[in-house]
Ligand code: SF4
């Protein structure tokens, strides 16, 4: 019987993330975990207990912090897991940089650069799995306030290849994630000790003040309702996307 994400979302709406992961791994043969090199390391820790079926990958945009690269190696060593780095198409990067320079996102918005450095490599990876796991949480930003635990991935599914997205941490708060990291002595990115909460590419991430929302430090020059890089673009309401397209 075909998998019904809405049914699973209702069933696991309040479930512990480990139960969601166990269900996902049990249900899908080809499944991957997107690891960003930040606090979603909690998911790597949980997945490590489920054998080696889950493919762990990271989008290496070429613009990550040195601390994040060191952290990726630390996680690889700590768990003895393969972490596949997905690189952007070099010709596409060269063309962008040749035409617009290295920091066009400050002027033109982040979508163009993210499309090349993140979305195309992600699409390549997701073409070979039937489900993927993300670290999205509802408390992260206005764009994620309604993220379900399981959903059909409308951005990356195709007519011949439906794709399911699991968000096991959707119900967890940042505090719960950090409680988990401390309780299980999970390694974490040293940038978190310097005021960084949500960590992405170096030029597009800055520390946030204690009173600021955690994704306030991402693409800080853009409106809060636009702060998705395309990985989770369906989180952005169509009403909010239109003005951005119009102004592009
Ligand atoms: S986050 Fe910034 S540097 Fe990274 S891919 Fe997007 S626009 Fe480019």
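In this note's numbering, the protein residues as written are 6 to 253.
Glycine included, each C-beta is placed from N, C-alpha and C at the ideal position.
Consider the C-beta atom of residue i and the heavy atoms of the ligand SF4; say whether any pair is separated by less than 7 Å.
i	result
residue 106	no
residue 205	yes
residue 66	yes
residue 63	no
residue 123	yes
residue 115	yes
residue 110	yes
residue 95	no
residue 212	no
residue 208	yes
Alpha carbon to alpha carbon, how far is residue j from residue i? Give it in angstroms, no decimals.
i	j	result
residue 121	residue 39	17 Å
residue 159	residue 118	21 Å
residue 243	residue 152	With a pLDDT of 44 at residue 243, under the threshold of 50, the predicted position of this residue should be treated as unreliable, and no value is reported.
residue 252	residue 114	Confidence is the limiting factor: at residue 252 the pLDDT is only 26, short of 50, which leaves the residue's position unreliable, though a coordinate-based value still follows. Distance between the alpha carbons of residue 252 and residue 114: 10 Å.
residue 141	residue 173	8 Å
residue 108	residue 116	12 Å
residue 218	residue 146	7 Å
residue 131	residue 212	31 Å
residue 125	residue 98	11 Å
residue 250	residue 34	Residue placement at residue 250 is poorly supported in this model, since its pLDDT is 32, which falls under 50; the coordinates still yield a value, given next. When rounded, the distance between both Cα atoms is 37 Å.
residue 247	residue 149	Confidence is the limiting factor: at residue 247 the pLDDT is only 35, short of 50, which leaves the residue's position unreliable, though a coordinate-based value still follows. Cα to Cα, the separation comes out at about 18 Å.
residue 220	residue 45	14 Å
residue 198	residue 100	36 Å
residue 102	residue 205	19 Å
residue 136	residue 65	20 Å
residue 89	residue 15	32 Å
residue 228	residue 69	22 Å
residue 181	residue 7	33 Å
residue 11	residue 104	44 Å
residue 245	residue 175	Any reading at residue 245 must be qualified, since the residue scores a pLDDT of 40, below 50, and its modelled position is unreliable; no value is offered.
residue 168	residue 36	10 Å
List the endpoints of the continuous alpha helix (DSSP H) containing residue i.
i	result
residue 96	95-105
residue 11	10-16
residue 113	109-113
The beta strand (DSSP E) with residue i in it runs from where to where?
i	result
residue 6	Where residue 6 is concerned, there is no enclosing beta strand (DSSP E), given that its DSSP letter is neither H nor E.
residue 89	89-91
task = For the segment 11-29 and the segment 92-99, state whether three or more C-beta atom pairs, one from each stretch, are separated by less than 8 Å.
result = Between the segment 11-29 and the segment 92-99, the count of C-beta pairs closer than 8 Å stays below three; the two stretches do not touch.
Query raised in the report: Would you call the segment 40-59 and the segment 183-201 touching, i.e. three or more CB-CB distances under 8 Å?
Result: Touching, yes.
Quick check on the DSSP output: what are the complete beta strand (DSSP E) runs of length 3 or more inside the segment 116-142, in order along the chain? Counting only runs of 3 or more, we get 136-138.
Original post:
Along the chain, which unbroken stretches of the beta strand (DSSP E) at least 3 residues long are found entirely within the segment 155-190?
Top reply: Correct list: 155-157, 169-171.
Unbroken beta strand (DSSP E) runs of length 3 or more, entirely within the segment 23-86: which are they?
Listed in chain order, they are 36-39, 60-64.
Per the contact definition of three or more C-beta pairs closer than 8 Å, is the segment 192-205 in contact with the segment 66-84? Touching, yes.
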